Amino acid sequence: MKRPPVVAALLLRICLPRDAYDAVAGDLDESWHEGALSRRRYWRLALASMLACAAARKRGTAGTPRIAADPRKGERGMRSLAQDVVYGARLLRRNPGFTAAAVATLALGIGANSAIFSVVNVVSLQPLAYHDSQNVALLRAFNVDTGAEGFALRLPDFVELRRQSTVLDDVAAYAYWSASLTGGDMPERAQAYHVTANTFELLGVMPLLGRGFLPEEGVPGGPNAAVLSHGLWVRRFGADPSVVGRDITLDGRAFTIVGVMPRRFEFPVFNFKGDLWAPMQIDPDAVLAGRSTSPSAVVIARVRAEAGYAAAQAEVDAIMRRLAAEYPDTNRSRGARVIELGRLDDEVLAPALLIVAATVAVILVLACANVANLLLARGTARQRELAVRAALGAGRWRLARQMIVESLLIGAAGGAAGLVLAFFALDALRAALPEIVWTTMPNVDALRLDRATLSFTAGLSLLASLLFGLAPAWSAVRGQLQGGLRESGAAGGSRGNRRLRASLVVLQVALSTALLATAGLLVKSYQRQLLIDPGFDARQVLTMTISLPDNRYASQESRLRFFEEAARRVSEVPGVSSAGFVNVLPFSTYNRGTRFTIDDVPPPEPGREPGAAYRVVTTGYFDALRIPLRRGRLFDSRDRLGGDRVVIVNDALVRRHFGGHDPIGSRVHLGRSDTPESPTIVGVVGDVRHDEITETAYPEIYLPAQQAPQSMMMLAARTAGDPGTFAQAVRTAIQAVDPEQPVYHVKPLQQSVDESLVLQVSAAGMTGLFSIVALVLAAVGTYGVLSYAVGQQQREFGVRLALGARPRDLLALVVSRGLRLVLSGAALGVACALGVTRLMAGILYGVRPADPSTYLAVSAAIALVGVVACGIPAWRASRTEPMAALRVE
Numbered sequence: 003m004k005r006p007p008v009v010a011a012l013l014l015r016i017c018l019p020r021d022a023y024d025a026v027a028g029d030l031d032e033s034w035h036e037g038a039l040s041r042r043r044y045w046r047l048a049l050a051s052m053l054a055c056a057a058a059r060k061r062g063t064a065g066t067p068r069i070a071a072d073p074r075k076g077e078r079g080m081r082s083l084a085q086d087v088v089y090g091a092r093l094l095r096r097n098p099g100f101t102a103a104a105v106a107t108l109a110l111g112i113g114a115n116s117a118i119f120s121v122v123n124v125v126s127l128q129p130l131a132y133h134d135s136q137n138v139a140l141l142r143a144f145n146v147d148t149g150a151e152g153f154a155l156r157l158p159d160f161v162e163l164r165r166q167s168t169v170l171d172d173v174a175a176y177a178y179w180s181a182s183l184t185g186g187d188m189p190e191r192a193q194a195y196h197v198t199a200n201t202f203e204l205l206g207v208m209p210l211l212g213r214g215f216l217p218e219e220g221v222p223g224g225p226n227a228a229v230l231s232h233g234l235w236v237r238r239f240g241a242d243p244s245v246v247g248r249d250i251t252l253d254g255r256a257f258t259i260v261g262v263m264p265r266r267f268e269f270p271v272f273n274f275k276g277d278l279w280a281p282m283q284i285d286p287d288a289v290l291a292g293r294s295t296s297p298s299a300v301v302i303a304r305v306r307a308e309a310g311y312a313a314a315q316a317e318v319d320a321i322m323r324r325l326a327a328e329y330p331d332t333n334r335s336r337g338a339r340v341i342e343l344g345r346l347d348d349e350v351l352a353p354a355l356l357i358v359a360a361t362v363a364v365i366l367v368l369a370c371a372n373v374a375n376l377l378l379a380r381g382t383a384r385q386r387e388l389a390v391r392a393a394l395g396a397g398r399w400r401l402a403r404q405m406i407v408e409s410l411l412i413g414a415a416g417g418a419a420g421l422v423l424a425f426f427a428l429d430a431l432r433a434a435l436p437e438i439v440w441t442t443m444p445n446v447d448a449l450r451l452d453r454a455t456l457s458f459t460a461g462l463s464l465l466a467s468l469l470f471g472l473a474p475a476w477s478a479v480r481g482q483l484q485g486g487l488r489e490s491g492a493a494g495g496s497r498g499n500r501r502l503r504a505s506l507v508v509l510q511v512a513l514s515t516a517l518l519a520t521a522g523l524l525v526k527s528y529q530r531q532l533l534i535d536p537g538f539d540a541r542q543v544l545t546m547t548i549s550l551p552d553n554r555y556a557s558q559e560s561r562l563r564f565f566e567e568a569a570r571r572v573s574e575v576p577g578v579s580s581a582g583f584v585n586v587l588p589f590s591t592y593n594r595g596t597r598f599t600i601d602d603v604p605p606p607e608p609g610r611e612p613g614a615a616y617r618v619v620t621t622g623y624f625d626a627l628r629i630p631l632r633r634g635r636l637f638d639s640r641d642r643l644g645g646d647r648v649v650i651v652n653d654a655l656v657r658r659h660f661g662g663h664d665p666i667g668s669r670v671h672l673g674r675s676d677t678p679e680s681p682t683i684v685g686v687v688g689d690v691r692h693d694e695i696t697e698t699a700y701p702e703i704y705l706p707a708q709q710a711p712q713s714m715m716m717l718a719a720r721t722a723g724d725p726g727t728f729a730q731a732v733r734t735a736i737q738a739v740d741p742e743q744p745v746y747h748v749k750p751l752q753q754s755v756d757e758s759l760v761l762q763v764s765a766a767g768m769t770g771l772f773s774i775v776a777l778v779l780a781a782v783g784t785y786g787v788l789s790y791a792v793g794q795q796q797r798e799f800g801v802r803l804a805l806g807a808r809p810r811d812l813l814a815l816v817v818s819r820g821l822r823l824v825l826s827g828a829a830l831g832v833a834c835a836l837g838v839t840r841l842m843a844g845i846l847y848g849v850r851p852a853d854p855s856t857y858l859a860v861s862a863a864i865a866l867v868g869v870v871a872c873g874i875p876a877w878r879a880s881r882t883e884p885m886a887a888l889r890v891e
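Those letters in the sequence shown? Residues 3 to 891, by my numbering.
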C-alpha cells in the first residue's frame with residue numbers, strides 16, 4: 003500500500019497536540035488510502051492544519067483545526083458509511099450466538115415498552131374522538147361539607163347551569179335507559195341513553211348516516227327519534243344503509259331511526275357503552291318547579307377555550323353557592339367539579355400504569371446493560387483487530403463509528419423483533435381484558451400497533467442503541483491501540499473495562515432488587531385484599547339483569563307478580579338452592595342512594611340529612627348471597643303492598659346513628675322532609691361492600707320489593723356447581739313467565755368481584771412477571787461477566803494451581819468476587835426500593851412500604867440467584883487443567 007508523505011506526517015505529529023493530531027491525521031490518512039488526495043494536496047492540508055493550530059494557540063482558544071472541505075468528501079463519507087454498515091452486518095452474521103443473544107435481550111425490553119406505551123397511549127395520551135376534546139368536561143357532583151364525590155347532577159342544577167353559565171359554551175345531559183328492543187327474530191336488551199338534543203352537537207361528532215336530534219325532538223310530546231350505534235346497526239340491521247327512516251319498537255313504543263353514529267364513536271359513559279340514543283324530553287320550567295323530586299343525570303359541558311378550566315370552575319362554584327342560598331332545602335351542601343372528560347380514567351388508572359411503565363423502563367435499562375456488557379467483552383476481544391485497522395490508517399472516529407453502526411444494527415434488529423413481541427403481547431392482552439373494561443373504557447378498540455406506537459418503537463430502538471453502544475465504542479478506541487499489536491490484551495481487558503462491566507452488573511442487580519420489592523409489596527397487598535370478607539358469599543352465584551318495559555308493566559302489581567313468579571320458577575330449577583332479586587347487586591358498577599332521618603332523633607337542617615344506600619330486595623335475596631341476619635327478622639309474606647311499611651338496615655347504619663341502642667322498632671323517614679315515607683326497622687343484617695373490596699362499610703337500607711316494586715331488578719341465584727352451566731336453564735325459567743322479556747348481563751357474581759380488582763391484579767401480575775424477567779437478566783449479566791473473566795484468567799488459574807492452590811480455593815475466589823457484586827447491587831437496590839415504595843403507600847392495602855418480610859424474601863431470592871450465577875463460572879475455574887492453561891501462552 004502506498005504510504006502517505008512521511009515528512010508531512012512527522013511534522014503533524016510534532017506540531018499538533020495529541021487530540022488534534024488524532025483527529026487531523028485520521029482524516030488525512032483515511033482520505034489518502036481512499037485515493038481522494040494527491041501528495042501535493044496532502045501537504046497543503048497538513049500545513050493548513052498546523053497553521054490553524056498555531057493561530058488557535060496564539061489566541062488562547064481550544065479546539066481541533068478544521069481541514070479545508072473537499073468537494074468529494076460528502077460522497078466519500080457516504081461510501082465509507084455504507085462500508086461500515088456492510089462490514090458490521092458481516093461481523094454480526096459471523097457471530098450468530100452473540101447476535102441472537104443481543105437481539106433477543108433487546109427485543110424483550112423494547113417489546114415490553116412498546117406494548118405498555120400502546121396501553122398508555124389509549125388510556126391517557128390519545129384524545130377522545132370529539133371535536134376539541136380537551137375542552138369537553140364532566141360536571142361531577144360532590145358534597146361541599148364532607149367532600150364526598152357523587153357522579154350525576156340533579157336536573158334542576160343542570161337547567162340552572164345551562165341558563166346562567168357564560169364560561170360554558172354548551173351544557174348537555176344524559177341518563178341511562180335499559181330499553182327492550184323487540185321485533186325481528188328475538189327480543190334484545192339495548193344499552194340505551196336518553197340525551198338532550200344538543201349532545202352530539204356539543205361533542206362535535208356527526209352521524210355516519212342521517213342526522214342527530216332536532217330541538218323540537220327534545221321537548222315533551224316531541225317525535226320519538228333514535229340514533230343507532232355502529233355496532234347495533236351492523237349486528238341488528240346488517241349494516242343496511244336504508245335503515246334511516248325505519249321504525250323500531252323500544253319498550254313497546256315506535257321510534258324512528260334518524261341516524262347511525264360512526265364506528266369509532268365512543269359515547270362518554272362510565273357504566274356501559276351505548277347501543278342507541280333517544281332524545282331526553284324535558285320541560286325546563288317543570289323541572290325547576292319540582293326540585294325536591296327531580297331525578298339526576300350525567301352532565302357534560304364544553305368549556306370556552308379562551309376561558310379555561312379554572313374560570314369555568316370558579317363560575318360553577320359561584321352558581322352552586324347562589325343556588326344553595328336560594329334553595330337551602332334542596333341545594334344545601336351541593337357542589338359541582340369541572341373535570342376534563344379525557345382525564346377521568348387517569349384518576350383510577352394512573353397509579354397502576356405508572357408502576358407498570360416504570361417497570362418496563364427498568365427492563366429496557368437492564369437489557370441495554372446486558373447488551374453493553376456483551377459488546378464490552380466483544381470489544382476487548384477485538385482490540386487486536388482495531389489496532390491493525392488503526393495501523394493501516396483508520397482514524398479513531400472511523401473506529402468509533404464502526405462500533406456505533408454495529409450497535410445501531412443490533413438496535414434495529416431488536417426493535418423489529420420487539421414489535422413482533424408487542425403485537426402478540428397486545429393480542430393476548432386484548433383477549434384477556436375483562437368484560438368490564440370493554441364496556442366502560444373509551445378507545446379500548448384502539449389497543450393495537452398504530453402509527454404512534456411504531457414511531458415510539460423506532461425512537462426507543464435508536465435511544466437503546468445509543469445507551470448500550472456508546473460506552474463500548476468509547477472504551478474500544480480511547481486507549482493505546484498499538485498495545486493490541488504487542489499482546490493479546492490483559493485478562494478481561496483494561497482495568498477501566500473491568501470496572502465498567504462490574505458497575506453494570508451492580509446496576510442490574512440493584513434495579514432487579516427494587517423491582518422485586520415493588521412486586522412483592524403489590525402481590526402481598528392483593529393477597530390481603532383477597533382475605534377481606536365482602537359481607538356476602540359470591541361463589542356459585544349466577545347473576546343477570548331484567549328491565550320490564552313500561553308499556554307492558556305499567557302498574558306496581560304487574561311488576562311484583564313478574565318478579566315473584568320469576569323468583570319462584572328460578573328457585574325450582576334443579577341445582578338452584580335459592581334465588582332473589584335486588585335493584586342493585588354488589589360490584590355492579592353503579593349504586594342507588596337516599597337521604598333519611600330517624601324519627602326519634604332531632605332532624606338536621608334541610609339538605610344535610612344523612613345518606614344511605616337504597617336496596618329493594620325480594621324475600622330470597624339474603625339467602626342467595628348468604629348475608630347474615632344480626633337481629634330481628636327478614637322480609638316475609640306479611641310485608642305486602644298496602645301493609646305496614648318496613649325496612650332492614652345494616653350494621654354500619656346502626657353503629658353510626660344508633661350507637662349502642664337497639665334499632666328494632668324504630669322508624670326512619672326516607673327521602674326529604676316533604677315525603678311521607680316512614681317505615682319501621684324490623685331487622686339488622688351484616689355489612690356488604692358494594693363498590694370496592696377495601697371500602698369502609700356504608701349505611702344501607704333494604705326495602706321489600708313487595709312494598710316498592712321496581713321495573714329493573716338483578717337476579718342472584720345460588721347454584722350447586724359452576725354458575726355458567728345453569729345460565730340457560732335459568733333464562734328458560736324466566737322466559738316461561740314472559741317469552742318476550744330479554745335478560746342481559748348474565749355472568750357469575752364472582753366475576754364481578756374479580757373485575758373490581760382488575761387494576762390490582764394487573765399491576766401485581768405484570769410487575770411480578772417483569773421483575774422475574776429483570777432478575778433473570780441480572781443473573782445472565784452476572785454470569786456473563788464472571789464467565790468471561792474466568793475465560794480470560796485461565797493462565798492465572800493454571801499458575802495458581804501449579805503453585806499449590808486447591809480447586810476449592812479457586813471456587814471460593816470466583817464466587818466471592820461475584821457475590822461482592824451481587825450483594826453490593828442488592829444493598830443499593832433495597833435502599834432505592836425503600837425510597838420508591840413510600841410513594842406507593844396510597845395503593846397498598848394491609849402492608850407497609852417498608853414491610854420487613856418482603857425485603858427479607860427479596861434479599862434471599864437475590865442471594866440465591868447470585869450464588870447460582872456465580873457458581874457455574876466458579877466451577878469451570880476449579881476444573882482448570884494447569885498444564886493446558888500454561889500451554890496457551
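Even for Gly, the Cβ is constructed at its ideal location relative to N, Cα and C. Source: prediction; values computed, not measured.
Are the CB atoms of asparagine 372 and aspartate 159 nearer to each other than 9 angstroms? no
With contact counted as at least three CB pairs below 8 angstroms, one residue from each stretch, are the segment 94-101 and the segment 300-307 in contact? no
Thinking valine 125 and leucine 377 are a contact (beta carbons under 8 angstroms), I'd like their distance in whole angstroms, please. About 36 angstroms; that fails the 8 angstroms criterion.
What does DSSP give as the partner residue(s) for isoleucine 703 in the beta ladder? Tyr616 and Val651
Cross-strand partners of tyrosine 555 (DSSP beta bridge): Looking at the DSSP assignment, tyrosine 555 forms no beta bridge with any residue, so it has no partner.
Tell me the DSSP bridge mates of arginine 633? Val686
Which of the three DSSP states is assigned to leucine 230 in this structure? strand
Can you grab the Cα-Cα spacing for the pair isoleucine 69 / tryptophan 399, in whole Å? With a pLDDT of 47 at isoleucine 69, under the threshold of 50, the predicted position of this residue should be treated as unreliable, though the coordinate-derived value follows. Distance between the alpha carbons of isoleucine 69 and tryptophan 399 is about 15 angstroms.
Host alpha helix (DSSP H) of proline 330 (start-end): 330-333
If we define contact as Cβ-Cβ less than 9 angstroms, is leucine 550 a contact residue for chain B? Included in the structure is just one protein chain, with no chain B present.
Please state the DSSP three-state secondary structure of histidine 196. strand
What separation, rounded to the nearest whole angstrom, lies between the Cα atoms of phenylalanine 565 and threonine 734? 15 angstroms
Since isoleucine 922 contacts valine 422 with CB under 8 angstroms, what's their CB separation in whole angstroms? The question about residue 922 has no answer here: the residues shown for the chain are numbered 3 through 891.
Nearest neighbour of serine 713, chosen from Thr201, Arg501, Asp253 and Ala154 [CA to CA]: Asp253
Is it the case that the CB of arginine 42 approaches a heavy atom of the ligand ADP more closely than 8 angstroms? As far as ligands go, the structure on display features none, and thus does not contain the ligand ADP.
So for aspartate 535, helix, strand or coil by DSSP? coil
Residue range of the beta strand (DSSP E) that includes isoleucine 250: 249-252
Closest to leucine 343 by C-alpha separation, out of Gly212, Arg808, Leu130 and Gly868, would be which residue? Leu130
Could you compute how far the alpha carbon of alanine 710 sits from the alpha carbon of leucine 643? 8 angstroms
Between the Cα of glutamate 268 and the Cα atoms of Val787, Val173 and Ser135, which residue gives the shortest distance? Ser135
Going by DSSP, name the residue or residues bridged to threonine 599. His671
Closest residue to alanine 326 among Arg658, Glu162 and Ala807 (Cα-Cα distance): Glu162
If you check the beta carbons only, do valine 207 and alanine 228 fall under 9 angstroms apart? no
Determine the direct distance from the alpha carbon of phenylalanine 538 to that of glycine 723, and round the result to whole angstroms. 17 angstroms
Going by beta carbon distance, what residues of the same chain come within less than 8 angstroms of arginine 881, once the five residues before and after it are set aside? Pro809
Distance, Cα to Cα, alanine 731 vs valine 246? 38 angstroms
So, valine 745 versus isoleucine 534, is the Cβ gap smaller than 9 angstroms? no
To which residues of the same chain is arginine 628 closer than 7 angstroms at the C-beta, ignoring the five residues directly before and after it? Phe538 and Asp539
Quick check: what's the CA-CA separation for threonine 251 versus leucine 155? 30 angstroms
Please report how far the alpha carbon of tryptophan 235 lies from the alpha carbon of serine 463, in whole angstroms. 42 angstroms
Would you say alanine 852 and tyrosine 785 are within 9 angstroms of each other, going by their C-beta atoms? no
Beta strand (DSSP E) containing tyrosine 176: first to last residue? 170-184
Quick check on valine 362: buried or exposed, where buried means 16 or more other Cβ atoms within 10 Å of its Cβ? buried
Where does phenylalanine 239 fall in DSSP's three states? helix
Determine the DSSP secondary structure at arginine 400, reduced to helix, strand or coil. helix
With a Cβ-Cβ cutoff of 9 angstroms, do valine 656 and threonine 682 count as a contact? no
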